[in-house]
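J.:
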Amino acid sequence: MIIQPRTRGFICITTHPEGTAKNVHNQIEYIKSKNISTEGPKKVLIIGASTGFGLSSRITAAFGYNAATIGVFFEKPAAQRKPGTAGWYNTAAFEKEAHAAGLYAKSINGDAFSDEIKQQTIDLIKKDLGQVDLVVYSLASPRRTHPKTGVAHSSVLKPIGEPFTNKTVDFHTANVTDITINPIDSQEDIDNTIAVMGGEDWKFWMEDLKAAGVLAEGVKTVAYSYIGPELTHRIYKDGTIGMAKNDLEKTVPVLNELLADLNGVSYVSVNKALVTQSSSAIPVVPLYVSLLYKVMKDKGIHEGTIEQMQRLFEERLYTTNGQIPLDENGRIRIDDLEMREDVQKEVDDLWKIVTSENINEISDIKGYRDEFFQLFGFNYDEIDYDVETDELVTVPSISE
166 MIIQPRTRGF ICITTHPEGT AKNVHNQIEY IKSKNISTEG PKKVLIIGAS
216 TGFGLSSRIT AAFGYNAATI GVFFEKPAAQ RKPGTAGWYN TAAFEKEAHA
266 AGLYAKSING DAFSDEIKQQ TIDLIKKDLG QVDLVVYSLA SPRRTHPKTG
316 VAHSSVLKPI GEPFTNKTVD FHTANVTDIT INPIDSQEDI DNTIAVMGGE
366 DWKFWMEDLK AAGVLAEGVK TVAYSYIGPE LTHRIYKDGT IGMAKNDLEK
416 TVPVLNELLA DLNGVSYVSV NKALVTQSSS AIPVVPLYVS LLYKVMKDKG
466 IHEGTIEQMQ RLFEERLYTT NGQIPLDENG RIRIDDLEMR EDVQKEVDDL
516 WKIVTSENIN EISDIKGYRD EFFQLFGFNY DEIDYDVETD ELVTVPSISE
């Protein structure tokens, strides 16, 4: 079928299998070009492995360290005349390239919050790998059905306290407007967001993996977070999502105690603001990212998810001296370039003057738009989107 991009609001509802494969291939080639020399993980479980930081973590582990990887995610397979989700195609492309390189790579598609998928994962580790030495937790979901209570929780992206008014942009049209976001209605909004995006499920995973005996001596586990600049704090750091991220951080000492007898350790890595399916839906954030991209590209320090994960693994998790630099709160900071004082000063100055009339000149809104569509396999110059493509792509390990 011929697959063209079709959008609904901040979501692209079509995906292109050749374009997503190009995205994966480009990331693999980047990691191979780095010739990573440090010792690293050998058997890795990535929970939330099909897009964004999770996918880039899997690529870094596999093609940077020759690690065997198991990826868990919840994606929609392709069907006749209906493209699969981007994460489905990403995983198909990753597995094919990994297998061609002689690397072990298998995947599990299902609700990672459920006990059933946790057990399937444990069974696969026992059967094929024995134990894992790194667990990456990179789930991004708006909803979670609690495996113990059966209650369905939905997260909300809202400020706490007063309404929040600031600039935002429709990145499709480059129209800059003011937006007002009303605050939460009750504590229940915070509780639901924490239930979906906090640390409880990460803890459940690690408890189940340990109880099953599939965590190796010296195991590491890392979950991903974001803090960002003051101008986004009301909607992010100090909003409902920030409360969930605080809960994620509070899980670290709990997991460190759980893993102590294995000499294991857990971390939260604070990552850079990037174009992702989830960040595109957060008001204010696309405008901030467009300005940030402009500043960081001009300075030659821009990074995407794969550059971030390569640096996280080589310069933080697996350093040559074994020392992992942490901030005063015990977090890994891979957002260090974004939060540089000179970068934030320039972004802040641009924020004050950005309008619909000048946004194309003073921001990288085009780069934002291109990167958004590339998440779904579009906007690659090398691909002719007027030509038919085979939408029926399978993930090798799932079709076995």
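Residue numbers (our numbering): 166 to 565.
All C-beta atoms, glycine included, are put in the ideal place defined by N, C-alpha and C.
None of these values were measured; they are calculated from a predicted model.
1) Along the chain, which unbroken stretches of the alpha helix (DSSP H) at least 4 residues long are found entirely within the stretch 386-466?
2) Please look up how many angstroms separate the CB atoms of Thr179 and Gln169, rounded, as I've assumed it's under 8 Å.
3) How many whole angstroms separate the CB atoms of Gly249 and Lys241, which I take to be in contact at a CB cut-off of 8 Å?
4) Does DSSP put Ser215 in a helix, a strand or coil?
5) In three-state DSSP terms, what is Phe239?
6) For His181 and Thr484, which I take to be in contact (beta-carbon distance under 8 Å), what is that distance rounded to the nearest angstrom?
7) What residues in its chain sit with their C-beta under 7 Å from that of Leu423, if we drop five residues either side in the sequence?
8) Hey, Thr397 and Leu439: beta-carbon distance below 8 Å or not?
9) Of the residues Asp507, Ile235, Glu503, which one's Cα is nearest the Cα of Val300?
10) Looking at the secondary structure, which residues open and close the beta strand (DSSP E) in which Ala270 lies?
11) For my contact list, Ile489 and Arg481 are in at a C-beta cut-off of 8 Å; report their separation, rounded to the angstrom.
12) Once you ignore the five residues that flank Val341 on each side, which residues in its own chain have a CB closer than 8 Å to its CB?
13) Taking its Cβ as the centre, do 16 or more other Cβ atoms sit within 10 Å of Gly383, making it buried, or is it exposed?
14) Which one of Glu536, Ile400, Ala227 has the shortest CA to CA distance from Phe329?
15) Going by beta-carbon coordinates alone, are Asp500 and Val560 separated by less than 8 Å?
16) Within the chosen definition, does the stretch 216-234 reach the stretch 310-318 through at least 3 CB pairs nearer than 8 Å?
17) I need the straight-line Cα distance from Gly295 to Ala377, nearest angstrom please.
18) Going straight from the alpha carbon of Trp310 to that of Gly205, what length do you get?
19) Short check: CB of Thr441 to CB of Gly217, under 8 Å?
20) Of all the options Thr185, Lys464, Ile447, which has the alpha carbon lying nearest to the alpha carbon of Ile344?
21) Per the DSSP calculation, Phe329 is bridged to which residue(s)?
22) Rounding to the nearest angstrom, what Cα-Cα distance links Met504 and Asn200 in this structure?
23) Measure from the alpha carbon of Glu479 to the alpha carbon of each residue in Lys187, Phe228, Gly174, then state which is nearest.
24) Considering only residues of the same chain and omitting the five flanking positions on each side of Glu493, which have a CB-CB separation below 8 Å?
25) Counting C-beta neighbours from all protein chains within 10 Å, is the total for Asn274 16 or more, i.e. buried, or is it exposed?
T.: The short version:
1) Correct list: 405-424, 450-464.
2) Between Gln169 and Thr179 the Cβ distance is about 7 Å, and since that is below 8 Å, they are a contact.
3) Indeed, because the Cβ distance is near 6 Å, the residues count as touching under 8 Å.
4) The three-state secondary structure of Ser215, taken from DSSP, is coil.
5) In this structure, DSSP gives Phe239 a state outside helix and strand, which the three-state scheme calls coil.
6) That pair is no contact at about 38 Å.
7) Excluding positions up to five away in sequence, the list reads Met371, Glu372, Lys375.
8) Taking 8 Å as the Cβ cut-off, Thr397 and Leu439 do not qualify as a contacting pair.
9) Ranking Asp507, Ile235, Glu503 by Cα distance to Val300 puts Ile235 first.
10) Ala270: member of the beta strand (DSSP E) spanning 270-274, first to last residue.
11) About 6 Å separates the two Cβ atoms, so the contact holds.
12) Its chain contains Lys332, Thr333, Val334, Leu452, Val519, Thr520, Ser521, Ile524 as the residues whose beta carbon lies nearer than 8 Å to that of Val341, once the 5 sequence neighbours on both sides are disregarded; these appear in chain order.
13) Exposed is the call here.
14) The shortest Cα separation from Phe329 among Glu536, Ile400, Ala227 belongs to Ile400.
15) Not closer than 8 Å, so no.
16) In this structure the stretch 216-234 does not lie against the stretch 310-318, because fewer than three pairs of beta carbons, one per stretch, are closer than 8 Å.
17) So the alpha carbons of these two residues sit roughly 10 Å apart.
18) The displayed chain sequence assigns Thr, not Trp, to residue 310. Here the alpha carbon of Thr310 sits roughly 34 Å from the alpha carbon of Gly205.
19) Yes, these two residues count as a Cβ contact at 8 Å.
20) Measuring from the Cα of Ile344, the nearest candidate turns out to be Ile447.
21) Beta-bridge partners of Phe329 (DSSP): Ile346.
22) One C-alpha to the other measures close to 27 Å.
23) The shortest C-alpha separation from Glu479 is found at Phe228.
24) Hits under 8 Å: none found.
25) It counts as buried.
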